[in-house]
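Chains as they are written, first to last, in full-length UniProt numbering: chain A, 1 to 137; chain B, 1 to 137; chain C, 1 to 137; chain D, 1 to 137.
Number of protein chains: 4
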Amino acid sequence: MTLNQTSVSLDDAQRVIAAGQAKAAEIESPSNIAVVDAGGNLVAHVRMDGAWIASIDISINKAFTARALDISTEDLAANAGPGDQFFGIHASNGGRIMSFTGGVPLRHNGQVIGAVGASGGTGEQDKAVAEAAAAAL
Amino acid sequence: MTLNQTSVSLDDAQRVIAAGQAKAAEIESPSNIAVVDAGGNLVAHVRMDGAWIASIDISINKAFTARALDISTEDLAANAGPGDQFFGIHASNGGRIMSFTGGVPLRHNGQVIGAVGASGGTGEQDKAVAEAAAAAL
Amino acid sequence: MTLNQTSVSLDDAQRVIAAGQAKAAEIESPSNIAVVDAGGNLVAHVRMDGAWIASIDISINKAFTARALDISTEDLAANAGPGDQFFGIHASNGGRIMSFTGGVPLRHNGQVIGAVGASGGTGEQDKAVAEAAAAAL
Amino acid sequence: MTLNQTSVSLDDAQRVIAAGQAKAAEIESPSNIAVVDAGGNLVAHVRMDGAWIASIDISINKAFTARALDISTEDLAANAGPGDQFFGIHASNGGRIMSFTGGVPLRHNGQVIGAVGASGGTGEQDKAVAEAAAAAL
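Shown next, in the form of structure tokens:
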């Protein structure tokens with residue numbers, strides 16, 4: 001018996017990103033925002049004017065991480081420090097695991113159907129942007 | 001003396017991508033479309049529903065190539081076959097050089113200020129999408 | 001509406017590097033020194049006689065990091081240790097993020113227009129070389 | 001019994017690069033020019049204003065290739081096409097083998113002591129720049 005997988009559409013992704021952009025503008029934290037689908041693959045990305053170049057990769061990979069482990073990157077970070085059970089996980093997956101705040105799974109009827117990643121400011125700012133984005137699903 | 005470089009904004013990039021999406025829908029070729037800035041760095045990307053996963057990377061790197069060499073990837077391809085002067089260039093830049101049709105420089109007052117890459121169908125389809133996108137700058 | 005971005009020229013980069021070399025010679029710390037432009041792309045690099053081979057990559061990527069996040073790598077390091085908000089960021093960007101001293105943004109009229117990275121000695125030595133270099137912009 | 005290896009100094013590298021720059025300016029082909037030492041490791045690099053971003057990597061790796069195989073990249077190209085004995089060699093060395101014109105070994109008393117790579121124009125232009133550079137050793 002095959003599996004059925006619900007996943008974000010491009011339309012979903014763009015709505016999510018637009019909500020993230022609005023929050024980023026409000027808190028004055030120019031951001032990169034990315035959405036991946038249920039397969040962990042990029043659906044859409046934007047870099048707001050003035051946002052950091054390094055955050056392109058970071059936003060995409062925060063989203064990847066949040067879907068690839070079905071966990072927010074903040075919760076992952078809490079378990080990935082020295083002495084924690086997942087310390088060292090950032091070395092896996094060819095450098096795609098981001099173990100700091102700003103990646104949030106996108107859930108629909110309790111199922112993870114994708115994820116959003118935000119990068120551009122402090123951990124708190126990125127969290128605010130990613131959560132505002134995710135709330136728009 | 002510093003250099004002055006004009007570059008695409010996010011607003012430019014999204015207008016360009018929207019035009020590419022419209023063309024892709026018209027010719028029924030679900031595509032990945034990406035825009036990079038004057039520095040070759042990603043500004044925005046979309047994957048239309050049903051578009052190939054491999055085309056995420058290809059669209060981004062077609063755009064990179066078109067800016068990084070200030071040439072359409074179609075024109076590059078014409079000089080990168082066996083016996084041609086640039087044969088082997090695809091091995092450079094960590095696999096980011098795409099030497100087939102679908103990447104087009106974005107020009108403003110004669111200066112390259114970014115590039116767009118499309119991937120999702122045949123070479124002819126990708127070219128049609130990328131050129132429709134570029135025309136919207 | 002396009003963006004305007006000022007960036008270092010080769011002339012700027014070579015003046016910056018020469019100043020770094022002079023400081024490195026003075027403190028007897030043979031160094032690699034690199035300058036990237038506003039897009040994070042290499043403009044110029046030198047490896048002084050006797051400087052470490054590993055520092056080629058490190059100097060180039062310290063410069064990349066300082067531009068890609070618009071921060072000195074020393075300030076980044078202060079926020080990237082275990083328990084800090086950016087711990088794990090070194091895994092991003094394909095290994096190009098250097099979170100230790102020696103990368104400094106180059107600013108012109110308050111705007112980051114590139115960055116310089118120095119590698120060859122202790123953190124203090126690299127900092128001295130990078131800061132002397134940056135001061136020559 | 002240990003080996004003695006003669007290698008280019010930074011001073012040599014910068015003289016070689018300056019000669020390449022002069023030729024590139026003369027033929028109006030803004031170039032990236034790089035020199036590696038006897039170990040194949042980068043000694044110095046410049047990107048002239050307006051030169052292609054993709055040519056950073058290409059110039060450095062043309063120099064690497066010319067030293068790593070002790071052959072000009074033009075001569076390598078002549079043996080690396082489909083059906084030739086070295087066809088496929090560009091897939092080796094992590095993408096660092098450049099099998100097209102513009103990389104030239106630097107010889108001193110018959111021994112290869114480094115190499116120079118130029119990238120920025122046609123194969124003929126890159127060859128002219130690299131050969132003018134090499135002649136200044």
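Glycine included, each C-beta is placed from N, C-alpha and C at the ideal position.
What residue does the beta strand (DSSP E) around residue i start on, and which one ends it?
| i | result |
| --- | --- |
| residue 6/C | 3–7 |
| residue 55/D | Element bounds for residue 55/D: not the beta strand (DSSP E) but the alpha helix (DSSP H), 54–68. |
| residue 123/B | Note, residue 123/B: premise wrong, no beta strand (DSSP E); alpha helix (DSSP H) at 123–135. |
| residue 105/C | 103–108 |
| residue 117/B | 111–119 |
| residue 32/D | 32–37 |
| residue 45/C | 42–47 |
What residue does the alpha helix (DSSP H) around residue i start on, and which one ends it?
| i | result |
| --- | --- |
| residue 15/C | 10–26 |
| residue 75/A | 73–77 |
Please classify residue i: is it buried, with 16 or more other beta-carbons within 10 angstroms of its beta-carbon, or exposed?
| i | result |
| --- | --- |
| residue 114/C | buried |
| residue 3/A | exposed |
| residue 85/D | exposed |
| residue 132/C | buried |
| residue 1/B | exposed |
Please report the straight-line C-alpha distance between residue i and residue j, rounded to a whole angstrom.
| i | j | result |
| --- | --- | --- |
| residue 40/A | residue 7/D | 48 Å |
| residue 126/B | residue 31/B | 8 Å |
| residue 123/C | residue 71/A | 36 Å |
| residue 51/B | residue 14/A | 16 Å |
| residue 24/B | residue 48/B | 9 Å |
| residue 20/B | residue 26/A | 30 Å |
| residue 42/A | residue 57/A | 11 Å |
| residue 65/D | residue 55/C | 20 Å |
| residue 100/D | residue 83/B | 10 Å |
| residue 16/B | residue 108/B | 13 Å |
| residue 75/B | residue 12/D | 37 Å |
| residue 73/C | residue 104/C | 7 Å |
| residue 22/C | residue 77/A | 42 Å |
| residue 110/B | residue 110/C | 28 Å |
Would the beta-carbon of residue i fall within 8 Å of that of residue j?
| i | j | result |
| --- | --- | --- |
| residue 136/C | residue 129/C | no |
| residue 18/D | residue 36/D | no |
| residue 92/C | residue 79/A | no |
| residue 102/D | residue 29/D | no |
| residue 68/B | residue 97/D | no |
| residue 134/C | residue 116/C | yes |
| residue 38/D | residue 5/D | yes |
| residue 87/B | residue 81/B | yes |
| residue 163/A | residue 46/B | The shown model of chain A, from 1 to 137, leaves out residue 163/A, and the question about it has no answer. |
| residue 89/D | residue 59/D | no |
Mind listing the chain E neighbours of residue i? Cutoff is C-beta to C-beta under 9 Å, in chain order.
| i | result |
| --- | --- |
| residue 110/C | Here chain E cannot be found, since the structure's protein chains are A, B, C and D. |
Indicate, with yes or no, if the ligand MG has a heavy atom lying under 7 Å from the CB of residue i.
| i | result |
| --- | --- |
| residue 127/C | With respect to the ligand MG, the structure offers nothing, as it holds no ligand at all. |
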